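Participant: The numbering used here puts the last residue of the sequence shown at 226; the count rises by one with no breaks.
Every residue gets a Cβ at the ideal spot worked out from N, C-alpha and C, and that includes glycine.
No experiment lies behind these values; they were computed from the predicted model shown.
Below is the structure I would like to discuss, written out as structure tokens.
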Amino acid sequence: MRFDVLTLFPDFIRNMEDYGVIGKSIQKEIIELNAVNIRDYSLDKHRRVDDIIYGGGAGMLMTPQPIFDAVESLDKRQGPVIYLSPQGKVLTQDLCKKLSEYPQLILLCGHYEGIDARVLHEVVDEEVSIGDYVLTGGELGAMVLIDAVSRMIPGVLGNEESAVSDSHYQTLLQYDSYTRPREYKGMKVPQVLLDGNHKKIEEWRNENAVENTKKKRPDLYQRYLQERIERD
Ligand code: ADE
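Here you go:
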């Protein structure tokens, strides 16, 4: 997978090269991260990339020319141009999985009051939001997307099982897990996990996952109940 990130802050994006599993996957060339500075494509003599909004209104907008040219500069396109914005469809685990199947994603990060509508209409294939809140720019959205999509790519996580058993990969949240010691400050690891009866352990984990979901995410719990009714 290759991520091309069009941004005004390429060095901020490049910090991901030092970031845990993502950094290692870049080194191993499982993923490629190419941060492109939109400002490098400005034809303005002061390298400006923003301008006033026609019709009035506060703030500035990103102008179309540097963005059109930056996108065109990318060699052979093998995936969608995604604009990170609070107006997009919300990023879910399902969407991450779908996006992970492309060989390339082009991520466009906005600033100021947004981008000229001609970019939205002609260049952008999909608008994606990382949640219902407003960031100062798209970069953190792009980094969240890169992280969540990358871990769905085979070879990025050491243990292939971990992505499948994750929270949100199925409807249920995770069960509680424990490591050593068996007792810490008087708090004990549930006995069933120490006994080595794999069937009992699986039952306990399943019940615990259901309990956790009911407690922490009643909305997901309702979906789980609904899915069970439909299945049976
Ligand atoms: N840019 C500003 N807010 C955003 C959000 N919630 N998601 C993605 N990009 C954004």
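Using the beta carbon as the reference atom, which residues fall closer than 6 Å to any heavy atom of ligand 1, ordered along the chain?
Facilitator: Here the residues come out as L78, S79, P80, S123, I124, G125, Y127, V128, L129, G132 and G135.
Participant: Within 10 angstroms of the Cβ of I223, are there 16 or more other Cβ atoms? Answer buried if so, exposed if not.
Facilitator: Burial call: exposed.
Participant: Please report the straight-line C-alpha distance between P228 and L166, rounded to a whole angstrom.
Facilitator: Because the chain here runs from -5 to 226, residue 228 falls outside it and cannot be looked at.
Participant: Find the nearest neighbour of R(-4) within the set V118, K92, P80 and L27, judged by alpha-carbon distance.
Facilitator: For R(-4), the nearest C-alpha among the options comes from L27.
Participant: So within the stretch 104 to 178, which uninterrupted beta strand (DSSP E) runs reach at least 3 residues, ignoring any that extend past its ends?
Facilitator: You should have 120 to 123.
Participant: Of all the options G108, G149 and R112, which has the alpha carbon lying nearest to the alpha carbon of G132?
Facilitator: G132 has its Cα closest to that of G108, out of G108, G149 and R112.
Participant: For F(-3), which beta-bridge partners are listed by DSSP?
Facilitator: Per DSSP, L27 and L99.
Participant: In whole angstroms, what is the alpha-carbon distance linking A52 and I61?
Facilitator: A52 and I61: Cα-Cα distance of roughly 22 Å.
Participant: With distances taken between CB atoms, is the gap from I76 to L99 smaller than 8 Å?
Facilitator: Result yes, Cβ atoms of I76 and L99 sit closer than 8 Å.
Participant: Looking at C-beta atoms only, is the number of pairs between the stretch 74 to 88 and the stretch 26 to 45 that lie closer than 8 Å three or more?
Facilitator: Contact fails: fewer than three Cβ-Cβ distances are below 8 Å.
Participant: What residues are listed by DSSP as bridge partners for K182?
Facilitator: Beta-bridge pairing links K182 to E177.
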